[in-house]
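Sequential numbering of the sequence shown, starting at 30, is according to the working numbering.
Backbone N, C-alpha and C define an ideal beta-carbon position, used for all residues, glycine too.
The structure under discussion appears below in the form of structure tokens.
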Amino acid sequence: MYEMKKLLPYWLVSPYILYFCVFIAFPVVFSVVLTFHSWNIISPMEFIGLDNYIQLVNDRLFWQALYNTLRFLVVHIPLQIVVALALAEFLNQKIRGQAFFRGAFFLPVIVSGVVVTILWQQLLGFNAGILNRGLTALSLPKIPWLEDPDIAMYAIALMATWKNVGLYVILFLVGLQTVPVQYYEAADMEGATHWQKFRYITLPMINPTIFMVVVLSTIGGFSLFIEPYIMTEGGPLNSTLSAVMYIYKQAFQYYHMGYSATLGFFFALLILGVVAIQKRYVEQEV
């Protein structure tokens with residue numbers, strides 16, 4: 030009986046250990062091994078050494094896809110943080126219909142990404158899009174939202190922000206509600222303005238929330254796939270081809286599994302490095 034009790038904890042954690050080994054550890058190890066092989070799923074794997082890494086260095090299309098992703102992040106992350114924080118500050122006030130606005134802002138988050146992307150595709154269409162119809166009605170020229178290589182990725186960034194901002198509004202709202210009211214009352218007694226209270230009290234106190242939002246936005250932005258895949262298929266002229274979309278094409282369109290694993294491994298290390306830099310410069314002690 031004593032031996033059974035000693036083994037009980039191990040039996041209790043065994044389902045998670047099995048899950049970790051089968052669905053996390055094995056895929057990661059297999060992917061790393063696969064980076065040194067050529068494999069098209071059908072034929073046996075062939076060891077090729079560092080050829081996949083050499084191909085990665087010389088792959089201009091991958092670097093363009095990575096540049097497109099970074100261009101998306103430069104617009105998406107600041108826009109998402111500013112909009113989410115502004116909406117959270119608005120919802121943190123005593124306003125009528127507060128519950129309705131919270132639900133309305135969060136609704137796009139729970140809607141299927143494919144559905145949202147199709148809706149925005151109809152909104153941004155050049156000839157039949159609602160926005161261009163409105164511009165035509167005002168005697169203004171149409172804007173090639175998804176047809177111009179210079180602005181297509183920024184249009185996708187706008188749509189992605191609208192889709193995901195509700196989640197970060199909730200996170201910011203939780204952070205704002207944890208700030209002690211006494212700080213604001215003391216600031217009021219000193220005659221501080223609303224901006225001074227926001228800058229010197231609110232922002233430092235919600236810094237952990239800001240860091241979390243930045244990290245989640247970065248990881249989500251690096252995972253950009255559905256939006257360009259459905260709206261533009263990576264065009265025009267590969268201007269909206271994201272890194273994840275390129276990795277997907279290498280794996281499931283060209284069946285270059287080894288090279289796709291190499292791209293994914295490098296991309297994961299890149300995300301890890303970016304998040305580490307963000308932790309160094311964004312997260313601060315209050």
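Cut-off 6 Å between Cβ atoms - residues of its own chain near residue 77, not counting five sequence neighbours on either side: Numbered from 1 along the sequence shown, position 48 holds the residue referred to as residue 77. For residue 77, where only same-chain residues beyond five positions count, the Cβ hits under 6 Å are 67.
Alpha-carbon spacing of residue 314 relative to residue 121, whole angstroms: Numbered from its first residue, the sequence shown carries residue 314 at position 285. Numbered from its first residue, the sequence shown carries residue 121 at position 92. Per-residue confidence for residue 314 stands at a pLDDT of 47, beneath the threshold of 50, marking its modelled position as unreliable; the derived number appears in the next sentence. C-alpha separation (whole angstroms): 24 Å.
Anticipated Cβ contact below 8 Å, residue 241 with residue 200, distance rounded: Within the sequence shown, the letter at position 212 stands for residue 241. Within the sequence shown, the letter at position 171 stands for residue 200. 7 Å between Cβ atoms; contact.
Contact belief for residue 276 with residue 298 at Cβ below 8 Å, rounded distance in angstroms: One-based indexing of the sequence shown puts residue 276 at position 247. One-based indexing of the sequence shown puts residue 298 at position 269. The Cβ separation is near 13 Å, so there is no contact.
Exposure of residue 56, with buried meaning 16 or more beta-carbon neighbours within 10 Å: Residue numbering aside, residue 56 sits at position 27 when the sequence shown is read from its first letter. When all chains shown are included, residue 56 counts as exposed.
Entirely enclosed alpha helix (DSSP H) segments - the region 38 to 110, minimum 4 residues: 55 to 63, 80 to 86
Backbone secondary structure at residue 207 - three-state DSSP: Within the sequence shown, residue 207 is the residue found at index 178, counting from 1. Three-state result, residue 207: coil.
Simplified DSSP state of residue 162, which is helix, strand or coil: Within the sequence shown, the letter at position 133 stands for residue 162. In the structure shown, residue 162 sits in a helix (DSSP, three-state: H, G or I).
Where residue 265 falls: helix, strand or coil (DSSP): By 1-based counting over the sequence shown, the position of residue 265 is 236. In the structure shown, residue 265 sits in coil (DSSP, three-state: anything other than H, G, I, E or B).
Three CB pairs or more closer than 8 Å across the region 157 to 165 and the region 219 to 232: no
Selection from 80, 48, 133 that minimises the alpha carbon distance to residue 287: Translated into the one-based positions of the sequence shown, residue 287 becomes position 258. Comparing Cα positions, the closest option is 80.
Span of the alpha helix (DSSP H), counted from its first residue to its last, around residue 280: The count along the sequence shown starts at 1 and reaches residue 280 at position 251. Taken as a continuous stretch (DSSP letters only), the alpha helix (DSSP H) holding residue 280 covers 272 to 281.
Beta carbon proximity, residue 123 to chain C, threshold 7 Å: Chain labels in this structure do not include chain C; a single protein chain is all it has.
Option nearest residue 69 by Cα separation, candidates 311, 308, 285, 301: To locate residue 69, count along the sequence shown from 1; it is residue 40. Nearest of 311, 308, 285, 301 to residue 69, Cα basis: 285.
Sub-7 Å separation of residue 134 and residue 198 beta-carbons: Taking the first residue of the sequence shown as position 1, residue 134 is located at position 105. Taking the first residue of the sequence shown as position 1, residue 198 is located at position 169. Yes, these two residues count as a Cβ contact at 7 Å.
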